[in-house]
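Here the structure comes first, spelled out in structure tokens, and everything after it is commentary.
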Amino acid sequence: MEKSKTKPEQKGRDIGIDVAQPASACTDRHCPFHGELKVRGRIFSGPVIRDVVHKSTMIEFPRKLYIQKYERFEKRRTRIKAHVPPCIDAGKGDFVRIMETRKISKTKSFVVIEVRKNESP
Ligand SMILES: [Zn+2]
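For our numbering, add 1 to where a residue sits in the sequence shown, where the first one is 1.
This is the structure we're talking about:
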């Protein structure tokens with residue numbers, strides 16, 4: 002793949018999965034559409050529960066853990082921090098899809114790839 006360091010592409014590049022392109026362009030190098038960040042690995046979706054940190058978000062979704070002794074499932078929840086590029090507008094309560102990428106910071110290795118406004122899981 003060739004690198005484009007001079008200017009951001011107006012039209013975002015194809016990240017390899019079926020998501021809508023963001024309406025606006027950005028110059029964030031940690032953007033999968035307009036930067037050089039490659040996405041690979043797992044995809045999760047869930048509502049945004051925290052959006053106070055700049056360019057960051059936290060999503061939460063439930064999962065079940067089987068307890069062999071009681072032959073029942075225990076409810077657990079997963080919270081994942083994800084990067085939000087400036088071209089994607091994800092506020093608290095929005096339902097988003099995140100995809101795994103390389104480590105962006107100490108606690109972030111996911112990036113938001115799609116926002117579905119006011120949609121319940
Ligand atoms: Zn972007």
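The C-beta atom is built at its ideal place from N, Cα and C for all residues, glycine as well.
May I have the straight-line CA-CA distance separating residue i from residue j, to the nearest angstrom?
{"i": "R117", "j": "R98", "result": "8 Å"}
{"i": "F74", "j": "P48", "result": "23 Å"}
{"i": "H31", "j": "K109", "result": "11 Å"}
{"i": "S45", "j": "A26", "result": "The question names Ser, yet the displayed sequence has Phe at residue 45. So the two alpha carbons sit approximately 24 Å from each other."}
{"i": "A21", "j": "I114", "result": "9 Å"}
{"i": "V14", "j": "K107", "result": "This sequence places Arg at residue 14; Val is not what is there. Taking the straight line from one Cα to the other gives about 26 Å."}
{"i": "H35", "j": "G17", "result": "14 Å"}
{"i": "K12", "j": "A24", "result": "9 Å"}
Out of the options, which one is the CA nearest neighbour of residue i?
{"i": "R64", "options": "I81, V54, D52, P87", "result": "I81"}
{"i": "H55", "options": "R41, H84, I68, H35", "result": "H84"}
{"i": "L66", "options": "R77, S57, I60", "result": "R77"}
{"i": "F62", "options": "D95, G17, G36, E72", "result": "D95"}
{"i": "R93", "options": "L38, T58, E37", "result": "First, the residue type needs correcting, since residue 93 is Lys and not Arg in the sequence shown. The shortest Cα separation from K93 among L38, T58, E37 belongs to T58."}
{"i": "E28", "options": "C88, Q69, I105, R41", "result": "According to the sequence shown, residue 28 is Thr rather than Glu. For the residues C88, Q69, I105, R41, the minimum Cα distance to T28 belongs to C88."}
With burial defined as no fewer than 16 other Cβ atoms inside 10 Å of the residue's Cβ, what is the status of residue i: buried or exposed?
{"i": "T79", "result": "exposed"}
{"i": "V112", "result": "buried"}
{"i": "V53", "result": "exposed"}
{"i": "D19", "result": "exposed"}
{"i": "T102", "result": "buried"}
{"i": "I60", "result": "buried"}
So, are the CB atoms of residue i and residue j less than 9 Å apart?
{"i": "R51", "j": "M100", "result": "no"}
Sequence-ordered residues whose beta carbon comes within less than 6 Å of a heavy atom of ligand 1: P23, C27, D29, C32, F34, H35, P86, C88
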